[in-house]
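Peer 1: Sequences listed follow chains A and B, in order.
Counting from 1, one number per residue, gives the positions in the first sequence under the working numbering.
Counting from 481, one number per residue, gives the positions in the second sequence under the working numbering.
Just so it is clear, CB atoms sit at the ideal spot from N, CA and C, and this is done for glycine as well.
Quick caveat, the model's predicted, so the values are computed rather than measured.
Please read through the structure below; I'll follow up with questions.
There are 2 protein chains.
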Amino acid sequence: MKRATSRRERQSTFGEAALASISLDRADREPLHRQLASELKRLILAQAIAPGARLPSSRIYAEELGVSRATVVAAVDELIAEGYAEGRHGSGVFVAPDLPDHVLRAAQQVTPVAEATLPRPDEVRPFQPAAPELALFPHEIWAKLMLKTWRNPVRELLASPDPLGWAPLRLAIADHLRAFRGMRCAPEQVVITSGAGEALELLGQSILKRGDKIIIEEPGYILIRRTFTELGFKTAPIPVDGDGLDITKGPKDARAAVVTPARHYPLGMTMPLSRRLALLDWARQHKTWIIEDDYDSEYRYHGKPLPALMGVDEAGVVISLGSFSKTMLPGLRIGYLVVPHNLIADISAVMRERGARVSLFLQPVLADFMRLGHYAVHIRRMRRLYTKRQLVLREAIDRHAKGVLATSPEPAGMHLICTLENGMDDREAAKRAARIGLLAPALSDFFAGKPFRQGLLLGYAGFDEAVIDASIKKLADALR
Amino acid sequence: MKRATSRRERQSTFGEAALASISLDRADREPLHRQLASELKRLILAQAIAPGARLPSSRIYAEELGVSRATVVAAVDELIAEGYAEGRHGSGVFVAPDLPDHVLRAAQQVTPVAEATLPRPDEVRPFQPAAPELALFPHEIWAKLMLKTWRNPVRELLASPDPLGWAPLRLAIADHLRAFRGMRCAPEQVVITSGAGEALELLGQSILKRGDKIIIEEPGYILIRRTFTELGFKTAPIPVDGDGLDITKGPKDARAAVVTPARHYPLGMTMPLSRRLALLDWARQHKTWIIEDDYDSEYRYHGKPLPALMGVDEAGVVISLGSFSKTMLPGLRIGYLVVPHNLIADISAVMRERGARVSLFLQPVLADFMRLGHYAVHIRRMRRLYTKRQLVLREAIDRHAKGVLATSPEPAGMHLICTLENGMDDREAAKRAARIGLLAPALSDFFAGKPFRQGLLLGYAGFDEAVIDASIKKLADALR
Numbered sequence: 001m002k003r004a005t006s007r008r009e010r011q012s013t014f015g016e017a018a019l020a021s022i023s024l025d026r027a028d029r030e031p032l033h034r035q036l037a038s039e040l041k042r043l044i045l046a047q048a049i050a051p052g053a054r055l056p057s058s059r060i061y062a063e064e065l066g067v068s069r070a071t072v073v074a075a076v077d078e079l080i081a082e083g084y085a086e087g088r089h090g091s092g093v094f095v096a097p098d099l100p101d102h103v104l105r106a107a108q109q110v111t112p113v114a115e116a117t118l119p120r121p122d123e124v125r126p127f128q129p130a131a132p133e134l135a136l137f138p139h140e141i142w143a144k145l146m147l148k149t150w151r152n153p154v155r156e157l158l159a160s161p162d163p164l165g166w167a168p169l170r171l172a173i174a175d176h177l178r179a180f181r182g183m184r185c186a187p188e189q190v191v192i193t194s195g196a197g198e199a200l201e202l203l204g205q206s207i208l209k210r211g212d213k214i215i216i217e218e219p220g221y222i223l224i225r226r227t228f229t230e231l232g233f234k235t236a237p238i239p240v241d242g243d244g245l246d247i248t249k250g251p252k253d254a255r256a257a258v259v260t261p262a263r264h265y266p267l268g269m270t271m272p273l274s275r276r277l278a279l280l281d282w283a284r285q286h287k288t289w290i291i292e293d294d295y296d297s298e299y300r301y302h303g304k305p306l307p308a309l310m311g312v313d314e315a316g317v318v319i320s321l322g323s324f325s326k327t328m329l330p331g332l333r334i335g336y337l338v339v340p341h342n343l344i345a346d347i348s349a350v351m352r353e354r355g356a357r358v359s360l361f362l363q364p365v366l367a368d369f370m371r372l373g374h375y376a377v378h379i380r381r382m383r384r385l386y387t388k389r390q391l392v393l394r395e396a397i398d399r400h401a402k403g404v405l406a407t408s409p410e411p412a413g414m415h416l417i418c419t420l421e422n423g424m425d426d427r428e429a430a431k432r433a434a435r436i437g438l439l440a441p442a443l444s445d446f447f448a449g450k451p452f453r454q455g456l457l458l459g460y461a462g463f464d465e466a467v468i469d470a471s472i473k474k475l476a477d478a479l480r
Numbered sequence: 481m482k483r484a485t486s487r488r489e490r491q492s493t494f495g496e497a498a499l500a501s502i503s504l505d506r507a508d509r510e511p512l513h514r515q516l517a518s519e520l521k522r523l524i525l526a527q528a529i530a531p532g533a534r535l536p537s538s539r540i541y542a543e544e545l546g547v548s549r550a551t552v553v554a555a556v557d558e559l560i561a562e563g564y565a566e567g568r569h570g571s572g573v574f575v576a577p578d579l580p581d582h583v584l585r586a587a588q589q590v591t592p593v594a595e596a597t598l599p600r601p602d603e604v605r606p607f608q609p610a611a612p613e614l615a616l617f618p619h620e621i622w623a624k625l626m627l628k629t630w631r632n633p634v635r636e637l638l639a640s641p642d643p644l645g646w647a648p649l650r651l652a653i654a655d656h657l658r659a660f661r662g663m664r665c666a667p668e669q670v671v672i673t674s675g676a677g678e679a680l681e682l683l684g685q686s687i688l689k690r691g692d693k694i695i696i697e698e699p700g701y702i703l704i705r706r707t708f709t710e711l712g713f714k715t716a717p718i719p720v721d722g723d724g725l726d727i728t729k730g731p732k733d734a735r736a737a738v739v740t741p742a743r744h745y746p747l748g749m750t751m752p753l754s755r756r757l758a759l760l761d762w763a764r765q766h767k768t769w770i771i772e773d774d775y776d777s778e779y780r781y782h783g784k785p786l787p788a789l790m791g792v793d794e795a796g797v798v799i800s801l802g803s804f805s806k807t808m809l810p811g812l813r814i815g816y817l818v819v820p821h822n823l824i825a826d827i828s829a830v831m832r833e834r835g836a837r838v839s840l841f842l843q844p845v846l847a848d849f850m851r852l853g854h855y856a857v858h859i860r861r862m863r864r865l866y867t868k869r870q871l872v873l874r875e876a877i878d879r880h881a882k883g884v885l886a887t888s889p890e891p892a893g894m895h896l897i898c899t900l901e902n903g904m905d906d907r908e909a910a911k912r913a914a915r916i917g918l919l920a921p922a923l924s925d926f927f928a929g930k931p932f933r934q935g936l937l938l939g940y941a942g943f944d945e946a947v948i949d950a951s952i953k954k955l956a957d958a959l960r
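This is the structure we're talking about:
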């Protein structure tokens, strides 16, 4: 890892950027060299050219601005004469490091650029759930694919992007879902989004009407409830049992249900076949929709996964959501929506109305990454690593947190739910964890209503063995 | 420009991707080699491993799956015995190019991946307005910056992205706006978005309430009206005159006004100082908001631009929108919102609720591209090019379209408005243009109500001289 560029390095290159903002008017009665001198003074005053910065050579000015070198020399002479700049023998002209008093007074009225005022992004802290291992991502391969794609882009990459996504990526995702999730979807069913938030918005603008009632799982993923509420829908949280959501307990007038059948979020159980068939029946009979959030099904460590609900949907009532933020890197922000054939036209119309939102620049790179097998290899590698890390977390709890935390093995996922054996309230426990720099969300915070179960979510995927062990020791001490 | 990868090349590498989807269960009573053989058959049937593809070596299988090579050899032997695969002396094992009948029957039930069913993205057609020149973008520099940033990313790039955007990009944009637009904004006022659509949504979720009335320009940018309507706002289109929007003609109960003071879209006039001051007064007195869409102000060819409205706003009532889609490439989909200091907290809260949507992967690359001066140089280069192309368009109209089209020079922008000298309805003219493969939007389509002016929008920025000349000749013939 290298360090971010220093402020000094940034400033030294500013001259050229500022150059492009200079505007000269040949029709003006003021001579060009005076106009140029005024413009340069303006930029120096605004600190768009920093004190001490080297000015571009007169040849570059002349070329960029389309004026003679004599004009540039005359303008720069004026700057030097008035103390804005100074010539250093043999090495060019520099903005004066100490500007004269009258210049300084003017400059002080300009708001300085406050680099230090911007907060640094949060570091990933143990035990952030859903944080993948970052250091083992094949950055070199990924960066080279970027270079290969964009140094000489194919024509189609330069046109206005298709709001539904880059066709080869839609194809690669369809292939992936067929191999990994038993979903025989065609690429035209795949729509590229920035993630679950945008996907829910799209559904809110196409298949659902404002005020519709939507069944969600209780507990469940907070972003889903929040997004639907923001969009003007009513959410109906239905408590899950050991088999996940029981659709027969939901309100009769709901228009859709959002479910995590592969692995309930955050509790982790898999929905058995009987419940799945009941869900499909419900949607078919009531002409409602099932929104399947297939959020981390790539990480299954033992046993065969049931195919995605969408894989057994004959009636075209299931819509599936997926994302790459957990299998690749959190900053990627590329997700997808798989819609049944009968919905393609509606979703396409909405996407075209909204206009393309996901940058085209990463889509061909991701398509190549998948097509060339790098994605599948990376998932397999992470699967092995995370299997081990889950074991390390469980052993660390046994070793350091007896009587404080308890948990049991999970065949899949990136986090474990730990119960608080000493009866501490989970929100209090989460607060204590935060106080010592750890992130251990309280299960209570995943409930819309009164929580019927407590615990802490401990993510293990993104942290190495030593960190997991040491952090559990710290956490156990904090919770005693 | 190179061609996209062929289907053949894609298939030949599928084996490894499919490999990662294989799931073996050591607790199962079925021997591992039988499980492996079944899984491989499943993948061959699903065409996840294509007919004729080479299977990975037994060493790779053994390593990836954590089984002995003997297990792999036994499984592959079963595949060969049943006709799914064949060994070629010395070069490994391949999926049978012609599968046995019973296998074929099963395979035919699998929906084939329909690559050809996905439409190609639309080519850029003359005279698409707002289409920049694509071939002269410094692709090599851009691609190398991508490589440099991502082959060994700094730690901060791997953390959860800040929903407000990558700090160095916010800083680079603040610097750019100061140099180019006289907007002395601090980087914390800059919020990264995917473009105008998302920016308007954000404002709709923060400063405005559902049902609020918003003044828009008539004619104006269609996406603005559409987005606000979709979000549940009322839009009040106010006809512009030669000086742009006159805020005194707007309804008294409006909560915000969206304006293009630098250069009205699509008519092109600049709002004079008196109107700007009236706007600022209005917002200050009524505690309303001005949303300044500064959509292409980098492209000014003659005269000094007035600074952005936000540059003279002392009361904190102006919000400014900008984008890189017109100055760089349309597929980039990175824009920004500059908010006054008093709004930073509200917008931050909404952004954090929504979660990060813009990929982090391009933000540091764009920040470097700007910081190192490439962006400013590119804009300056395009400015010279577009100056010339506007002239070429006007000369082509003089040469080929006398009595059909008329236009006058513009000091800025990427398109000209042409009047139809033969009195043809502009929508009819746009239809005729479309029929011969040209894109010349009718001015009438930019009106919410009855159009009070007609004409065609002809973009010139993205097309070379020969194309402009030939296309005007074709267009004039079609309109006669």
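Can you tell me the Cβ-Cβ gap for L280 of chain A and V317 of chain A, rounded? I've got them flagged as a contact below 8 Å.
Peer 2: Here the question's residue 280 of chain A lines up with position 280 in the first sequence. Here the question's residue 317 of chain A lines up with position 317 in the first sequence. So it is a contact: roughly 7 Å between Cβ atoms.
Peer 1: Classify D906 of chain B as buried or exposed, calling it buried when 16 or more other Cβ atoms lie within 10 Å of its own Cβ.
Peer 2: For this step, residue 906 of chain B is matched to residue 426 along the second sequence. Flag for D906 of chain B reads buried.
Peer 1: Opposite W646 of chain B in the DSSP bridges: which residues?
Peer 2: The residue given as residue 646 of chain B occupies position 166 in the second sequence. Paired residue(s): none; W646 of chain B is not in a bridge.
Peer 1: Between the stretch 906 to 932 of chain B and chain A, which residues of the former have a C-beta closer than 9 Å to a C-beta of the latter?
Peer 2: Listed by position, the residues of the stretch 906 to 932 of chain B near chain A (Cβ gap below 9 Å) amount to none.
Peer 1: Can you list, in chain order, the residues of its chain with a C-beta nearer than 7 Å to that of N342 of chain A? Leave out the 5 residues immediately preceding and following it.
Peer 2: Start at 1 with the first residue of the first sequence, and residue 342 of chain A comes out as number 342. Answer for N342 of chain A: G316, listed in chain order.
Peer 1: Which of the three DSSP states, helix, strand or coil, is assigned to S91 of chain A?
Peer 2: On the first sequence, residue 91 of chain A is found 91 positions in, with the first residue counted as 1. Coil at S91 of chain A, not helix or strand.
Peer 1: List, in chain order, every chain B residue whose beta-carbon is nearer than 9 Å to that of M414 of chain A.
Peer 2: In the first sequence, counting from the first residue as 1, residue 414 of chain A sits at position 414. The premise fails here: M414 of chain A is roughly 14 Å from chain B at the closest Cβ pair, so nothing lies under 9 Å.
Peer 1: Count the other CB atoms within 10 Å of the CB of S444 of chain A; is the residue buried (16 or more) or exposed (fewer)?
Peer 2: Counting from 1 along the first sequence, the entry for residue 444 of chain A is found at position 444. The residue is buried, with at least 16 neighbouring Cβ atoms inside 10 Å.
Peer 1: May I have the straight-line CA-CA distance separating A647 of chain B from A639 of chain B, to the nearest angstrom?
Peer 2: Residue numbering aside, residue 647 of chain B sits at position 167 when the second sequence is read from its first letter. Residue numbering aside, residue 639 of chain B sits at position 159 when the second sequence is read from its first letter. A647 of chain B and A639 of chain B: Cα-Cα distance of roughly 13 Å.
Peer 1: May I ask you to report which of helix, strand or coil DSSP gives R352 of chain A?
Peer 2: On the first sequence, residue 352 of chain A is found 352 positions in, with the first residue counted as 1. Of the three classes helix, strand and coil, the one that applies to R352 of chain A here is helix, per DSSP.
Peer 1: Can the beta-carbon of Y61 of chain A be found closer than 8 Å to that of V72 of chain A?
Peer 2: Here residue 61 of chain A corresponds to residue number 61 of the first sequence, with the count starting at 1. Here residue 72 of chain A corresponds to residue number 72 of the first sequence, with the count starting at 1. Yes.
Peer 1: If we cut at 8 Å on Cβ distances, does D398 of chain A have a partner in chain B?
Peer 2: Position 398 of the first sequence, counted from the first residue, corresponds to residue 398 of chain A. Chain B contact via Cβ: absent.
Peer 1: Whose CA, out of A:S323, A:E86, A:Q35 and A:E64, lies closest to the CA of A75 of chain A?
Peer 2: By 1-based counting over the first sequence, the position of residue 75 of chain A is 75. Among A:S323, A:E86, A:Q35 and A:E64, the Cα nearest to that of A75 of chain A is on A:Q35.
Peer 1: Give the interface partners of A886 of chain B over in chain A, defined as CB-CB distance under 7 Å, in chain order.
Peer 2: Locating residue 886 of chain B in the second sequence gives position 406, counting from the first residue. By Cβ distance, chain A contributes nothing, its closest Cβ being about 24 Å from A886 of chain B, past 7 Å.
Peer 1: At least one CB of chain A closer than 8 Å to the CB of V583 of chain B: is that the case?
Peer 2: Here residue 583 of chain B corresponds to residue number 103 of the second sequence, with the count starting at 1. Unreliable placement is indicated for V583 of chain B, whose pLDDT of 47 sits below 50; no coordinate value is reported for it.
Peer 1: If we define contact as Cβ-Cβ less than 8 Å, is R706 of chain B a contact residue for chain A?
Peer 2: Mapped onto the second sequence, residue 706 of chain B falls at position 226. Answer yes: the Cβ-Cβ gap between R706 of chain B and chain A drops below 8 Å somewhere.
Peer 1: Verify whether the separation of the beta carbon atoms of R380 of chain A and L136 of chain A is less than 8 Å.
Peer 2: Counted from its first residue, the first sequence places residue 380 of chain A at position 380. Counted from its first residue, the first sequence places residue 136 of chain A at position 136. No. Outside cutoff.
Peer 1: Anything in chain B within Cβ reach of F361 of chain A, meaning under 7 Å, just list it in chain order.
Peer 2: Position 361 of the first sequence, counting from 1, holds the residue named residue 361 of chain A. Ordered by position in chain B, the residues that pass the 7 Å Cβ test against F361 of chain A are G811, L812 and L842.
Peer 1: Who are the Cβ neighbours of M626 of chain B in its own chain at under 6 Å, not counting the five residues just before and after it?
Peer 2: As a working mapping, residue 626 of chain B is identified with position 146 in the second sequence. Here the set comprises V845.
Peer 1: The alpha helix (DSSP H) spanning D426 of chain A covers which residue range?
Peer 2: Within the first sequence, numbered from 1, the residue matching residue 426 of chain A stands at position 426. Per DSSP, D426 of chain A belongs to the alpha helix (DSSP H) from D426 to R435.
Peer 1: If you draw a straight line from the alpha carbon of R534 of chain B to that of T327 of chain A, how long is it in whole angstroms?
Peer 2: As a working note, residue 534 of chain B is residue 54 in the second sequence. As a working note, residue 327 of chain A is residue 327 in the first sequence. If you take the alpha carbons of R534 of chain B and T327 of chain A, they lie about 27 Å apart.
Peer 1: Just by C-beta distance, which residues in the stretch 291 to 315 of chain A are closer than 9 Å to chain B?
Peer 2: So the list reads E298, R300, H302, G303, K304 and P305, given in the order they occur along the chain.
Peer 1: For the stretch 682 to 708 of chain B, enumerate the residues whose C-beta is nearer than 9 Å to any C-beta of chain A, in chain order.
Peer 2: Listed in sequence order: Q685, R690, L703, R706 and T707.
Peer 1: When the Cα atoms are used, what is the spatial distance from G815 of chain B to A517 of chain B?
Peer 2: One-based indexing of the second sequence puts residue 815 of chain B at position 335. One-based indexing of the second sequence puts residue 517 of chain B at position 37. Near 51 Å, if we compare the C-alpha coordinates of A517 of chain B and G815 of chain B.
Peer 1: Shortest alpha-carbon distance to R69 of chain A belongs to which of A:S57, A:I319 and A:L134?
Peer 2: Counting from one through the first sequence, the residue named residue 69 of chain A turns up at place 69. Residue A:S57 is the option with its Cα nearest to R69 of chain A.
Peer 1: Taking V124 of chain A as the query, report the chain B residues whose CB atoms sit under 8 Å from its CB, ordered along the chain.
Peer 2: Residue numbering aside, residue 124 of chain A sits at position 124 when the first sequence is read from its first letter. Neighbours of V124 of chain A on chain B, chain order: L638, A639 and S640.
Peer 1: List the residues of chain B whose Cβ lies closer than 8 Å to the Cβ of G197 of chain A, in chain order.
Peer 2: Indexing the first sequence from 1 puts residue 197 of chain A at position 197. Result: R834, G835 and R837.
Peer 1: Between L918 of chain B and Q934 of chain B, what straight-line distance do the alpha-carbon atoms span, to the nearest angstrom?
Peer 2: Counted from its first residue, the second sequence places residue 918 of chain B at position 438. Counted from its first residue, the second sequence places residue 934 of chain B at position 454. So the alpha carbons of these two residues sit roughly 18 Å apart.
Peer 1: Out of B:P606, B:S571 and B:I653, state which residue places its alpha-carbon closest to the alpha-carbon of F849 of chain B.
Peer 2: Here residue 849 of chain B refers to the residue found at position 369 of the second sequence. The option with the nearest alpha carbon to F849 of chain B is B:I653.
Peer 1: So is D464 of chain A in contact with chain B if we call contact Cβ pairs under 8 Å?
Peer 2: Numbered from its first residue, the first sequence carries residue 464 of chain A at position 464. Chain B contact via Cβ: absent.
Peer 1: Using only the alpha-carbon positions, how far apart do L475 of chain A and A433 of chain A sit?
Peer 2: Here the question's residue 475 of chain A lines up with position 475 in the first sequence. Here the question's residue 433 of chain A lines up with position 433 in the first sequence. Using only the alpha carbons, I get a separation of about 6 Å.
Peer 1: Let's see if you can read the secondary structure: which residues bound the beta strand (DSSP E) around K144 of chain A?
Peer 2: Counted from its first residue, the first sequence places residue 144 of chain A at position 144. K144 of chain A -> not in any beta strand (DSSP E); alpha helix (DSSP H) instead, spanning H139 to W150.
Peer 1: For Y866 of chain B, tell me which candidate among B:D776, B:P633 and B:G712 has the shortest Cα-Cα distance.
Peer 2: Looking up residue 866 of chain B in the second sequence gives position 386. Y866 of chain B has its Cα closest to that of B:D776, out of B:D776, B:P633 and B:G712.
Peer 1: By DSSP, does I687 of chain B sit in helix, in strand, or in coil?
Peer 2: In the second sequence, residue 687 of chain B corresponds to position 207, counting from 1. I687 of chain B: coil per DSSP, three-state reduction.
Peer 1: Check L725 of chain B in the structure and name its three-state DSSP category.
Peer 2: Residue 725 of chain B sits at position 245 when you count from the first residue of the second sequence. It is coil, neither helix nor strand.
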